[in-house]
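Numbering (the numbering used here), first residue to last: 1493 to 1932. We treat Cβ as the ideally placed atom computed from N, Cα and C, and that holds for glycine. Data block below; observations after.
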């Protein structure tokens, strides 16, 4: 299974191919492969990781010299093997966590996503329903002051911003402040959290336009049915413009990206190249081109607007790149993360290794966006309004662009604020893709 995500959480289906060789149709149909070897001691697992990296890694020629016996866990060994500075993505996770996320959108945490504002404050950007954070009264826009008694500013400065192990039952004490200024301290117990994938479906009427909108969280297995239902409703409502809010979408499965692209583009692009996967020179036979499919609920749009941020990554960036040769693609918000590479999975003992194994290009052959996609219209992620509120800055800018053909009067100020924030703390680059897109 092609994965274009992180996985903070994150089995996929069992293997159909061996590490010795596979073709793209097998991987697409089947999922994770089995690595060669059966020594599951710590050093043995690290040697299996090294073998896969030497064979399948996109940058295998740039692997540093690293002794498998010198690392205390597979995560640190994979981190040592990454080709810097381009690879911030390769990782290893457990098979159980992998299956939970991709099969059901679940992970172990307290149920929030977060961002650093222009002043360096850590703010809650979303709270997932029925999670420990939601049950404790946390809402979008809250400012987290301390984590387990340590000021957030200290954690950021030390590069240790985290909530502890992803283990059910782990307690995390947060001090946070509501927008009204009242401060609260709560101890949250980590549990299995389910992220919704498609939510806040709405239709706005502006002049002659009927503008559809929805918030999209993940490219995972349950997303297909949710997307189909959303586009069925949008088509019935007669929308002629669409805004997809991908501001916290870290990616996921390529098959879901292909499906969403087909729903957007419509039948006029059926059979045309959606994206091509390009492997290293040891596995040219695995190169594969995905095409647009015919979908009954496709809208066949001439223009698509995506709301983005520096948490928009991987498959969420791929679809922007894939649609550019065919549609007018407009992005509103801030520059995306920059992940034009994807991974195959390899079962190793009880873990799954996800090394970067291919680079993705669109129909025009472009795929060099390691610095992300800059927005057409800069806009802030406005935490003073709920997601889906037409007055929220990013959504308001997207609606303005559709109805007026320009970014509006606040784009310059937004660009300045975004630049100040990036200068203060380029968090995604510092903490990496997995921590960026994981729910907490």
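Burial state of residue i, where buried means 16 or more other Cβ atoms lie within 10 Å
i, result
"residue 1820", "exposed"
"residue 1932", "buried"
"residue 1847", "buried"
"residue 1549", "buried"
"residue 1837", "buried"
"residue 1831", "buried"
"residue 1750", "buried"
"residue 1623", "buried"
"residue 1935", "In the structure displayed, the chain extends from 1493 to 1932; residue 1935 sits before or after that span and is not available."
"residue 1546", "exposed"
"residue 1834", "buried"
"residue 1530", "exposed"
"residue 1513", "Residue placement at residue 1513 is poorly supported in this model, since its pLDDT is 29, which falls under 50; the coordinates are not used for a value here."
"residue 1839", "buried"
"residue 1827", "buried"
Cβ separation of residue i and residue j, assumed to be a contact under 8 Å, to the nearest whole Å
i, j, result
"residue 1600", "residue 1659", "6 Å"
"residue 1758", "residue 1793", "7 Å"
"residue 1703", "residue 1891", "7 Å"
"residue 1779", "residue 1770", "6 Å"
"residue 1692", "residue 1810", "Not confirmed; about 23 Å, so no contact."
"residue 1619", "residue 1604", "5 Å"
"residue 1889", "residue 1701", "Actually they are not in contact, since the Cβ atoms of residue 1889 and residue 1701 sit about 15 Å apart, beyond 8 Å."
Any C-beta of chain C under 7 Å from that of residue i
i, result
"residue 1574", "No chain C appears in this structure, which consists of one protein chain only."
Check whether residue i and residue j have beta carbons under 7 Å apart
i, j, result
"residue 1786", "residue 1748", "no"
"residue 1738", "residue 1683", "no"
"residue 1745", "residue 1711", "yes"
"residue 1718", "residue 1741", "no"
"residue 1606", "residue 1686", "no"
"residue 1799", "residue 1822", "no"
"residue 1554", "residue 1575", "yes"
"residue 1869", "residue 1899", "yes"
"residue 1852", "residue 1767", "yes"
"residue 1695", "residue 1735", "no"
"residue 1680", "residue 1602", "yes"
"residue 1784", "residue 1762", "yes"
"residue 1866", "residue 1817", "no"
Residue span of the alpha helix (DSSP H) that contains residue i, given as start and end
i, result
"residue 1747", "1746 to 1757"
"residue 1570", "1566 to 1573"
"residue 1648", "1644 to 1650"
"residue 1727", "1715 to 1728"
"residue 1625", "1624 to 1627"
Boundaries of the beta strand (DSSP E) in which residue i is found, first to last residue
i, result
"residue 1544", "Per DSSP, residue 1544 belongs to no beta strand (DSSP E); it is in the alpha helix (DSSP H), 1534 to 1548."
"residue 1872", "Here residue 1872 belongs to no beta strand (DSSP E), and DSSP marks it neither H nor E."
"residue 1767", "1765 to 1771"
"residue 1835", "1833 to 1835"
"residue 1658", "No beta strand (DSSP E) holds residue 1658; DSSP gives it neither H nor E."
"residue 1697", "1690 to 1698"
"residue 1804", "Careful: residue 1804 lies outside any beta strand (DSSP E) and carries neither H nor E."
"residue 1605", "1604 to 1608"
Discussion item. Measuring CB atoms only, is the stretch 1725 to 1732 touching the stretch 1867 to 1877, in the sense that at least three cross pairs come out at less than 8 Å?
Written reply: no
Worksheet item: Would you call the stretch 1570 to 1583 and the stretch 1844 to 1861 touching, i.e. three or more CB-CB distances under 8 Å?
Response: yes
Worksheet item: Okay, do the stretch 1622 to 1633 and the stretch 1672 to 1690 touch, 3+ Cβ pairs below 8 Å being the bar?
Response: yes
Worksheet item: Do the stretch 1659 to 1669 and the stretch 1690 to 1709 touch if we need at least three Cβ pairs shorter than 8 Å?
Response: no
Fill in: Contact between the stretch 1861 to 1869 and the stretch 1550 to 1570 (3+ Cβ pairs under 8 Å)
no
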